Amino acid sequence: MIFLDTDVLIDCQRALPAARAWLQAAAAQSLAIPGPVAMELVIGCRNKEDLRITQVFLQHFDIVWPDAQDAQSAHELLVAYRLAYGVSIPDCLIAAMAIHRKLPLLTFNVKHYQMFPELILQIPYERSQ
0 MIFLDTDVLI DCQRALPAAR AWLQAAAAQS LAIPGPVAME LVIGCRNKED LRITQVFLQH
60 FDIVWPDAQD AQSAHELLVA YRLAYGVSIP DCLIAAMAIH RKLPLLTFNV KHYQMFPELI
120 LQIPYERSQ
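For the sequence shown, numbering that gives the first Met the number 0 begins at 0 and goes up steadily by one.
So, in structure tokens, the structure goes:
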């Protein structure tokens, strides 16, 4: 299983060529979305049609929700890294979930997560400039 971050999913939802090609190639893999990522996609909806499209899009993925251990670990990450790096609650939850499950997180937002030493980060494809 691989966790996908919000930025990767937005590219896929917008059907950007590199994202579309990567998603087709990765179709055989088990792709999952941390619950906070699914919620971030909903926050980005501007109207009911965006929300409907996002809900249909999310049905193509397994959504994994944080458990009590994830929440406690996220709190520990927040305490450890908030002042030095300005990390947010959602990023700490997403990181804690990936670390707890020993899953890679595919993202372009490396600077949001690079301070977490146990987190496996991967950039899924090259974005065109």
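A virtual CB, placed ideally from N, CA and C, is assigned to each residue, including glycine. Nothing here was measured: the structure is a model prediction, and the numbers come from that model.
Can you tell me whether DSSP reads residue i as helix, strand or coil?
i	result
LEU50	helix
ILE62	strand
ILE93	helix
ILE98	helix
PRO123	coil
PRO116	coil
LEU22	helix
Of the residues the options, which one's Cα is nearest the Cα of residue i?
i	options	result
ALA79	VAL41, CYS91, LEU40	CYS91
PRO33	PRO116, ALA26, ALA95, GLN54	ALA95
THR53	VAL86, PRO65, ALA31, MET38	MET38
Considering only DSSP beta bridges, list what residue i is partnered with.
i	result
ALA31	PHE2, ASP61
PRO103	ILE119
Alpha carbon to alpha carbon, how far is residue i from residue j?
i	j	result
SER18	CYS11	Per the sequence shown, residue 18 should be read as Ala rather than Ser. Going from the Cα of ALA18 to the Cα of CYS11 covers about 5 Å.
HIS74	LYS101	18 Å
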